[in-house]
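Student: Shown below is the structure under consideration.
There are 2 protein chains.
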Amino acid sequence: MPPVKKTAFTKGGSLSEKKPKAPQASREANLELSPPPPLTAFQLESVALFIHVFGALSLPRSIGEIYGLLFSTQDPLSLDDVQARLQLSRGSASEGLRWLRSLGAVNQVYLAGIRKEHFTAETSLRKLASGYLRDRIAPHLENGPSRLSGLESSIDLASPTAHFEKSRVGQIAGWYKFFGKALPLVKVLAGKF
Amino acid sequence: MPPVKKTAFTKGGSLSEKKPKAPQASREANLELSPPPPLTAFQLESVALFIHVFGALSLPRSIGEIYGLLFSTQDPLSLDDVQARLQLSRGSASEGLRWLRSLGAVNQVYLAGIRKEHFTAETSLRKLASGYLRDRIAPHLENGPSRLSGLESSIDLASPTAHFEKSRVGQIAGWYKFFGKALPLVKVLAGKF
DNA sequence: TAAAATATTCAAAATGTATTGAACATTTCT
DNA sequence: AGAAATGTTCAATACATTTTGAATATTTTA
């Protein structure tokens with residue numbers, strides 16, 4: 100049975116401890132230990148929505164959470180911000196951000212005088228789509244030609260089904276052509292949104 | 100880290116307790132128990148290729164195997180044929196075929212005088228694409244509008260970020276429009292292959 | 001350079017999904 | 001109807017991915 104992902108975002112109860120944030124007194128400690136601002140209703144809705152969307156592509160929940168948080172937050176967030184607000188592990192936050200970055204779904208922002216890297220969500224559909232196509236679809240099409248010729252050369256020409264098999268190979272070749280045309284088209288179309 | 104599926108078709112070492120059951124007297128039984136014809140090179144290549152392709156969509160290996168076998172086989176195959184040739188369990192074969200059928204990727208064939216249902220692969224890209232879009236993509240877009248209005252109503256209008264949040268909602272609305280236009284276009288394009 | 005801050009890695013644990021196979025249900029045949 | 005053949009379901013198990021968090025690596029500051 101094909102995969103189906105759960106979608107509810109229900110980290111509800113877990114609120115941290117620690118005390119309110121005082122302005123930059125003891126270097127880092129205060130920053131690290133101040134409780135993260137709880138998510139707003141808009142952020143919660145947004146996170147839930149993107150868990151759903153990314154889930155439709157069979158991507159892990161943590162990636163949907165991270166993108167949803169950045170999407171719904173105006174200011175750039177650091178890895179620690181993301182980690183604390185979503186209550187993710189450091190590892191998940193790091194990997195998730197790295198993956199989103201490599202796809203181009205998240206932008207790195209350098210803030211003057213602040214060392215931590217900060218991130219914002221990329222919302223241009225063109226960039227999102229082409230990143231996804233580049234990283235997750237194109238790689239499967241690339242070795243297409245070699246696979247196709249492998250398939251073709253596996254045909255036993257003496258067999259009575261050789262003709263049938265050749266037609267199948269032709270079928271697949273047609274599919275590749277389709278993708279060769281459709282993918283660029285999608286990019287162009289996405290550019291308008 | 101995003102999902103990555105193994106792709107090698109390596110049932111080779113299945114040295115399990117495949118007892119070479121003694122040929123039975125019953126005429127029917129002979130059919131069932133006769134060892135399935137081993138896969139041809141073309142079929143093996145094909146199965147491997149479709150495990151890969153379906154894997155790119157995060158679909159289970161068994162589904163790729165089944166489609167690959169049917170794709171590379173001229174004659175219609177029954178559930179038992181599929182099960183025996185791929186060494187799948189009955190359950191997997193049944194569920195996999197059912198799923199492929201519901202998608203429209205596999206056609207049911209009724210053979211005169213033969214009771215078992217038989218199946219062939221559907222190779223029309225238009226049918227494959229629209230089945231996939233209908234079953235796996237469209238459902239996620241359907242509750243889009245309600246999600247969108249949920250998101251919109253979660254905006255705290257008093258907040259200083261309300262304007263930003265409204266623009267995000269607008270962004271998502273644009274994405275939905277894109278899909279509304281792109282999906283039909285894909286179907287049309289796929290019709291030519 | 002040493003210490004602090006930040007970021008990444010990775011083995012183990014937690015979670016989630018696919019597969020199996022025997023029980024159950026259904027249909028067809030005699 | 002009873003028997004045989006065929007098809008489906010589902011609880012248990014096997015397998016795979018994701019998450020965690022402590023250890024490690026890297027960069028920055030003083």
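So the protein lines, in turn, are chains L and D. Position one of the first sequence corresponds to residue 100 (my numbering), numbered consecutively onward. Position one of the second sequence corresponds to residue 100 (my numbering), numbered consecutively onward. Quick reminder that beta carbons are idealized off the backbone N, C-alpha and C, glycines included. What you are looking at is a predicted structure, and each value in this text was computed from that prediction instead of being measured.
Helix, strand or coil for Leu158/L, going by three-state DSSP, please let me know.
Tutor: For the purposes of this step, residue 158/L is identified with residue 59 of the first sequence, where counting begins at 1. Three-state result, Leu158/L: coil.
Student: Could you check which residue in Pro283/L, Lys291/L, Ala289/L, Phe277/L has the C-alpha nearest to that of Val287/D?
Tutor: Counted from its first residue, the second sequence places residue 287/D at position 188. With distances taken between Cα atoms, Val287/D lies closest to Phe277/L.
Student: Could you round the C-beta distance between Leu178/L and Leu196/L to whole angstroms and report it? I think they count as a contact, below 8 Å.
Tutor: Position 79 of the first sequence, counted from the first residue, corresponds to residue 178/L. Position 97 of the first sequence, counted from the first residue, corresponds to residue 196/L. Leu178/L to Leu196/L, Cβ: 6 Å. Contact.
Student: Does any residue of chain D have a CB that is nearer than 7 Å to the CB of Ile150/L?
Tutor: Counting from 1 along the first sequence, the entry for residue 150/L is found at position 51. By this cut-off, Ile150/L is not an interface position.
Student: I'd like to know if Ser157/L contacts chain D, where contact means its C-beta is closer than 7 Å to some C-beta of that chain.
Tutor: Taking the first sequence and counting its residues from 1, one reaches residue 157/L at position 58. Closer than 7 Å to some Cβ of chain D, the Cβ of Ser157/L qualifies, so yes.
Student: Thinking C-beta only, is Ser253/L closer than 7 Å to Ala140/D?
Tutor: Locating residue 140/D in the second sequence gives position 41, where the first residue counts as 1. Locating residue 253/L in the first sequence gives position 154, where the first residue counts as 1. In contact: Ala140/D and Ser253/L (Cβ atoms closer than 7 Å).
Student: Kindly say whether Gln207/D, judged by its beta-carbon, lies nearer than 7 Å to any beta-carbon of chain L.
Tutor: The count along the second sequence starts at 1 and reaches residue 207/D at position 108. For Gln207/D, the answer is no, since every Cβ of chain L falls outside 7 Å of its Cβ.
Student: Do we get a CB-CB distance below 7 Å when we pair Leu224/L with the residues of chain D?
Tutor: For this step, residue 224/L is matched to residue 125 along the first sequence. Yes, Leu224/L lies at the interface with chain D (some Cβ there is under 7 Å from its Cβ).
Student: Pull up the distance between the alpha-carbon of Tyr231/L and that of Ala257/D, whole angstroms please.
Tutor: Counting from one through the first sequence, the residue named residue 231/L turns up at place 132. Counting from one through the second sequence, the residue named residue 257/D turns up at place 158. Each residue's Cα considered, the two are about 36 Å apart.
Student: How should Tyr209/L be labelled, buried or exposed, when 16 other C-beta atoms within 10 angstroms of its C-beta is the threshold for buried?
Tutor: Locating residue 209/L in the first sequence gives position 110, where the first residue counts as 1. It counts as exposed.
Student: Taking only beta-carbon atoms, is Ala281/D less than 7 Å away from chain L?
Tutor: Residue numbering aside, residue 281/D sits at position 182 when the second sequence is read from its first letter. Yes - at least one Cβ of chain L is within 7 Å of the one on Ala281/D.
Student: Which residues, taken in chain order from the stretch 163-180 of chain D, show a beta carbon closer than 8 Å to some beta carbon of chain L?
Tutor: The stretch 163-180 of chain D vs chain L, Cβ under 8 Å: Phe170, Ser171, Gln173.
Student: Closer than 7 Å by C-beta to Leu199/L: which residues in its own chain qualify, once you throw out the five before and the five after it? Chain order, please.
Tutor: As a first step, residue 199/L must be located in the first sequence, where it is residue number 100. These residues qualify, in order along the chain: Ile162, Ile165, Tyr166, Val205.
Student: Since Gly203/L and Glu221/L should fall inside the 8 Å C-beta cutoff, what is the C-beta to C-beta distance between them, to a whole number of angstroms?
Tutor: Residue 203/L sits at position 104 when you count from the first residue of the first sequence. Residue 221/L sits at position 122 when you count from the first residue of the first sequence. Contact flag correct, Cβ pair sits at about 6 Å.
Student: Within the stretch 147-217 of chain D, note down every full alpha helix (DSSP H) run reaching 4 residues or more, in order along the chain.
Tutor: Listed in chain order, they are 160-170, 178-185, 189-202.
Student: Exposed or buried, Pro159/D, counting other C-beta atoms within 10 Å across all chains shown (16 or more means buried)?
Tutor: Along the second sequence, read from residue 1 onward, the residue named residue 159/D stands at position 60. The residue in question, Pro159/D, is buried, as its Cβ has 16 or more Cβ neighbours within 10 Å.
Student: I need the DSSP call for Ala261/D, collapsed to helix, strand or coil.
Tutor: Your numbering for residue 261/D matches position 162 in the second sequence. In the structure shown, Ala261/D sits in a helix (DSSP, three-state: H, G or I).
Student: Should Pro238/D be labelled buried (16 or more other beta-carbon atoms within 10 Å of its own) or exposed?
Tutor: Locating residue 238/D in the second sequence gives position 139, where the first residue counts as 1. Pro238/D comes out exposed.
Student: Could you check if Leu148/L is buried or exposed, using at least 16 other CB atoms within 10 Å of its CB as the buried criterion?
Tutor: In the first sequence, the residue the question calls residue 148/L occupies position 49. Classification of Leu148/L: buried, given that the 10 Å Cβ count is 16 or more.
Student: Is there at least one Cβ from chain D nearer than 7 Å to Gln270/L's Cβ?
Tutor: Against the first sequence, residue 270/L aligns to sequence position 171. Gln270/L counts as touching chain D.
Student: Pull up the distance between the alpha-carbon of Phe153/D and that of Phe218/L, whole angstroms please.
Tutor: Translated into the one-based positions of the second sequence, residue 153/D becomes position 54. Translated into the one-based positions of the first sequence, residue 218/L becomes position 119. Distance between the alpha carbons of Phe153/D and Phe218/L is about 33 Å.
Student: At 8 Å on the CB atoms, spell out the chain D contacts of Lys276/L, in chain order.
Tutor: Here residue 276/L is taken as the residue at index 177 of the first sequence, counted from 1. Within chain D, the residues near Lys276/L are Phe292.
Student: Cβ of Thr219/D less than 7 Å from any chain L Cβ?
Tutor: On the second sequence, position 120 is the one that residue 219/D refers to. For Thr219/D, the answer is no, since every Cβ of chain L falls outside 7 Å of its Cβ.
Student: Name the chain L residues whose beta carbon is nearer than 7 Å to that of Arg246/D?
Tutor: Along the second sequence, one-based indexing puts residue 246/D at 147. Near Arg246/D (Cβ distances below 7 Å), the residues of chain L are Leu148.
Student: Run through chain L and tell me which residues come within less than 7 Å of Ser145/D, C-beta to C-beta.
Tutor: For the purposes of this step, residue 145/D is identified with residue 46 of the second sequence, where counting begins at 1. Within 7 Å Cβ-Cβ: Leu250.
Student: Please compile the residues from chain D whose C-beta is within a distance smaller than 9 Å of the C-beta of Ser253/L.
Tutor: In the first sequence, counting from the first residue as 1, residue 253/L sits at position 154. Within chain D, the residues near Ser253/L are Thr139, Ala140, Phe141, Gln142, Leu143, Glu144, Ser145.
Student: CB Arg225/L to CB Gly290/L, shorter than 7 Å?
Tutor: Mapped onto the first sequence, residue 225/L falls at position 126. Mapped onto the first sequence, residue 290/L falls at position 191. A contact, by the Cβ cut-off of 7 Å.
Student: Measuring alpha carbon to alpha carbon, tell me which residue in Glu264/D, Leu284/D, Val285/D is nearest Gln142/L.
Tutor: For the purposes of this step, residue 142/L is taken as residue 43 along the first sequence, with counting starting at 1. The residue with the shortest Cα to Cα distance from Gln142/L is Glu264/D.
Student: Counting only beta-carbon separations shorter than 7 Å, does Glu241/L have a partner in chain D?
Tutor: Start at 1 with the first residue of the first sequence, and residue 241/L comes out as number 142. It does not; no Cβ of chain D falls within 7 Å.
Student: Assign Gln123/D to one of two classes, buried (16 or more other C-beta atoms within 10 Å of its C-beta) or exposed (fewer than that).
Tutor: Counted from its first residue, the second sequence places residue 123/D at position 24. Because the pLDDT of Gln123/D is 33, which lies under 50, any placement of that residue in the model is unreliable, and the number read from its coordinates should be weighed accordingly. Its Cβ having fewer than 16 others within 10 Å, Gln123/D is exposed.
Student: Cutting at 8 Å between CB atoms, please list the residues of its own chain near Pro136/L, excluding the five before and the five after it.
Tutor: Taking the first residue of the first sequence as 1, we reach residue 136/L at position 37. Answer for Pro136/L: Arg184, listed in chain order.
Student: For Ala61/L, return the contacting residues in chain D, with the cut-off set at a CB-CB distance below 8 Å.
Tutor: What the structure shows of chain L is the stretch from 100 to 292, and residue 61/L is not part of that stretch, so it cannot be assessed.
Student: State the CB to CB distance for the pair Leu250/L and Tyr275/L, rounded to an integer number of angstroms; the pair is presumed to be in contact (CB under 8 Å).
Tutor: Here residue 250/L refers to the residue found at position 151 of the first sequence. Here residue 275/L refers to the residue found at position 176 of the first sequence. That belief does not hold up - the Cβ atoms of Leu250/L and Tyr275/L are roughly 12 Å apart, past 8 Å.
Student: With a threshold of 16 other CB atoms inside 10 Å of the CB of Ser145/D, please say whether the residue is buried or exposed.
Tutor: Locating residue 145/D in the second sequence gives position 46, counting from the first residue. Ser145/D is buried by the Cβ-count criterion.
Student: With a threshold of 7 Å between beta carbons, is Leu232/L in contact with chain D?
Tutor: Taking the first sequence and counting its residues from 1, the one referred to as residue 232/L is at position 133. No, no contact with chain D.
Student: Which residues in the same chain have their Cβ closer than 8 Å to the Cβ of Leu187/L, if we skip the five residues on either side of it in sequence?
Tutor: In the first sequence, counting from the first residue as 1, residue 187/L sits at position 88. So the list reads Ser161, Glu164, Ile165, Val181, Gly195, once near-sequence residues are dropped.
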